[in-house]
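Asks:
Chains as they are written, first to last, in our numbering: chain L, 6 to 273; chain S, 6 to 273.
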């Protein structure tokens, strides 16, 4: 059985030009980077501002029409926020029938790549960008679907582990945006240092400068009980902390030890 | 002696409305968040694109006119990249004499704040946003000043610890942008869980749901030597790894234990 890997269409605004050998348009690659990031950066253009703006928000992928859709499938990105916040107001403005044009990005830093000379220094990273239009979710069941995805994205199992469903006041004060994704791309760098010929043939330089990778990863610390807590740390939280830490460290170390993909530099 | 703390002007596009008690316009607060972030997110509007875009880049603050300026003073933000990348080309377009309008943001996630109900869940975080115009640095000495700041921002001391200065080819292939900052803001949340009255008076709920903070921090792993490395890990790298790890963990735990600033919700 042939299994096709879905890709986002390469649009002029979404095509990676510089080091395009590091680029990917695979839904699976892009979605995994977004789904494993505790925050996404959301950029949009507020009216009457000379500048675009960036908001850090919590995002969750999901397909309400086909809840079984996984990371390799077409999905929407859900964002939540206060009902009358600027981004929510802009997304319900009727003069943009398709919704608010947004760019969403997430980057995982995996390592500091230290080479013989500053110009060749690099990061190991996994970066994803999505482009799409944001509209308000009005259907109550879809809103609950998205809220659950967002909560379980912070700590898997937290939705069932806390008081749900949201009450009427909570439903009214929280808005959910659905971003219909038009295109996206990822860029992933892994591997050790690489230097230019000139520096590599400089024996005195190689005798003097340390080259290698400092792995970088996110750590979840020991859960600290709040003032009114009465119970032990539940298994689903302890397990998430443990799994997340092992996975993050392994990923950074594996990235450091990976074979460097040859750079095919194409100017943008 | 009275010491005045400098603040960025509150512009309509830079004023925090939601939870404005968490907002700060202090140069010191904003610059510290940016300066301690290994990556910044840079948003701009490419021509002929329906969407703004976001690039993860390495940024460094500095004042070339007054190199002794510290984090509390007026500074520029420097970004570097390949000479013919899209953002560089846009920043030298003569039809934008002030430069390319950009938004720059950085966010540190300090903790997952788990409350009785999903609606009250929160993050501890430090987030900063800058707005300004990017122009290309043409002066060779200012470019070297910025390149040094950027390299030492990755690992302090790395500039002197590697082969410098850049050669003619490196200087020609790398461009540096100077962002003149027009405004900025920060938003900082610290503290433990807070829940609404209704949930707080539900004894059965408090007997069932764990509430507290999972601290989150960035860890630098053991430096891994590259294939052509010949030397021991130098002191300045080992020290940076150690100090960075101690500081990051402490900050996340302190944030978890901090007193919650009362929310003054003002709708935007």
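Note that the Cβ used here is the ideal one computed from N, Cα and C, for glycine as well.
Would you check if the distance between the CB atom of residue 264/S and the CB atom of residue 200/S is smaller than 7 Å?
Replies: No, Cβ-Cβ distance for residue 264/S and residue 200/S is not below 7 Å.
Asks: Check whether chain L comes within 7 Å of residue 56/S, counting only Cβ atoms and requiring the distance to be less than that.
Replies: Output row for residue 56/S: interface = yes.
Asks: When the distance is taken between beta carbons, is residue 167/S closer than 7 Å to residue 123/L?
Replies: Closer than 7 Å, so yes.
Asks: Shortest alpha-carbon distance to residue 78/S belongs to which of 246/S, 248/S, 234/S and 186/S?
Replies: Closest option to residue 78/S, Cα to Cα, is 186/S.
Asks: To the nearest angstrom, how far is the alpha carbon of residue 144/S from that of residue 95/S?
Replies: C-alpha separation (whole angstroms): 19 Å.
Asks: Counting only C-beta atoms, is residue 14/S closer than 7 Å to chain L at any point?
Replies: For residue 14/S, the answer is no, since every Cβ of chain L falls outside 7 Å of its Cβ.
Asks: Examine the Cβ distances between the region 138-154 of chain L and the region 14-27 of chain S and report whether three or more of them are shorter than 8 Å.
Replies: No, the region 138-154 of chain L is not in contact with the region 14-27 of chain S.
Asks: From residue 16/S to residue 38/S, what distance separates their C-alpha atoms?
Replies: The straight-line gap from Cα to Cα measures roughly 20 Å.
Asks: Can you pull the DSSP bridge partners for residue 81/S?
Replies: Answer is 67/S.
Asks: Under three-state DSSP, which class holds residue 241/S?
Replies: Three-state DSSP puts residue 241/S in a helix.
Asks: Indicate whether at least one CB of chain S lies closer than 7 Å to the CB of residue 39/L.
Replies: With 7 Å as the cut-off, residue 39/L does not count as an interface residue toward chain S.
Asks: 7 Å is my cut-off, CB to CB: does residue 261/L come that close to chain S?
Replies: With 7 Å as the cut-off, residue 261/L counts as an interface residue toward chain S.
Asks: Would you list the one or two residues that DSSP bridges to residue 184/S?
Replies: Answer is 82/S and 139/S.
Asks: Is residue 28/L helix, strand or coil by DSSP?
Replies: Note: residue 28/L maps to strand in three-state DSSP.
Asks: Hey, residue 217/S and residue 196/S are a contact pair by Cβ (cut 8 Å); roughly how many whole angstroms apart?
Replies: Their Cβ separation, rounded to whole angstroms, is 11 Å, which puts residue 217/S and residue 196/S out of contact at 8 Å.
Asks: To be precise: take each residue of the region 84-104 of chain S, compare its Cβ to all Cβ atoms of chain L, and keep it if any distance is under 7 Å. Which residues remain?
Replies: Listed by position along the chain: 87, 89, 90 and 91.
Asks: Name, please, each residue of chain S whose Cβ falls closer than 7 Å to the Cβ of residue 81/L.
Replies: What residue 81/L touches in chain S: nothing, since even the nearest Cβ is about 16 Å away.
Asks: Check for me: the alpha helix (DSSP H) holding residue 156/L runs from which residue to which?
Replies: Residue 156/L -> alpha helix (DSSP H) spans 145-159.
Asks: Assuming contact is defined by CB atoms lying nearer than 7 Å, are residue 282/S and residue 48/S in contact in what I supplied?
Replies: Beyond the ends of chain S as shown, which are 6 and 273, falls residue 282/S; an answer cannot be given.
Asks: Report the residue from 222/S, 223/S and 136/S whose alpha carbon sits nearest the alpha carbon of residue 30/S.
Replies: The shortest Cα separation from residue 30/S among 222/S, 223/S and 136/S belongs to 136/S.
Asks: Tell me, please, whether the CB atom of residue 175/S is closer than 7 Å to any CB atom in chain L?
Replies: Residue 175/S counts as touching chain L.
Asks: Looking only at its own chain, which residues have a Cβ that is under 8 Å from the Cβ of residue 33/L, when we skip the five neighbours before and after it?
Replies: Closer than 8 Å at Cβ, skipping near neighbours: 10, 11, 76 and 77.
Asks: Relative to chain L, which residues along the region 222-238 of chain S have a C-beta separation below 9 Å, given in chain order?
Replies: Against chain L - using a Cβ distance shorter than 9 Å - the residues of the region 222-238 of chain S are 222, 223, 224, 225, 226, 227, 228, 229, 230, 231, 232, 233, 234, 235, 236, 237 and 238.
Asks: Do you know how far the Cα of residue 165/L is from the Cα of residue 184/S?
Replies: The straight-line gap from Cα to Cα measures roughly 46 Å.
Asks: Note down, in chain order, every chain L residue with its Cβ under 9 Å from the Cβ of residue 18/S.
Replies: Result: 51, 53, 54, 55, 56 and 58.
Asks: Quick check on residue 42/S - is its C-beta less than 7 Å from some C-beta in chain L?
Replies: Not one chain L Cβ lies under 7 Å of residue 42/S.
Asks: Distance check for residue 65/L and residue 240/S, CA to CA, integer angstroms please.
Replies: Approximately 42 Å, taken between the alpha carbons.
Asks: Buried or exposed for residue 154/S, please, with buried defined as at least 16 other CB atoms from any protein chain shown within 10 angstroms of its CB.
Replies: Burial call: buried.
Asks: Specify, as a first and last residue, the run of the alpha helix (DSSP H) that residue 177/S falls within.
Replies: Residues 173-178.
Asks: If you drop the 5 nearest sequence neighbours on each side, which residues of the same chain put their C-beta closer than 6 Å to that of residue 238/S?
Replies: Around residue 238/S: 228.
Asks: Can you check DSSP and say which residues form a bridge with residue 274/L?
Replies: Here chain L covers residues 6 to 273 and nothing more, so residue 274/L does not appear.
Asks: Please check if any C-beta of chain L sits within less than 7 Å of the C-beta of residue 272/S.
Replies: Interpretation of residue 272/S is limited by its pLDDT of 41, a score under 50 that renders its predicted location unreliable; no figure is taken from the coordinates.
Asks: My guess is that residue 286/S and residue 133/S are in contact by the Cβ rule of under 8 Å, so how many angstroms apart are they, rounded?
Replies: Any question about residue 286/S goes unanswered here, given that chain S covers just 6 to 273.
Asks: Tell me which same chain residues have a C-beta within less than 6 Å of the C-beta of residue 13/S, skipping the five on either side of it?
Replies: Cβ neighbours of residue 13/S beyond the five flanking positions: 30, 188 and 189.
Asks: Just how far apart, CA to CA, sit residue 82/L and residue 178/L?
Replies: One C-alpha to the other measures close to 20 Å.
Asks: Counting only the same chain and skipping the five closest in sequence on each side, list residues whose C-beta sits under 6 Å from that of residue 42/S.
Replies: Cβ within range, chain order: 111.
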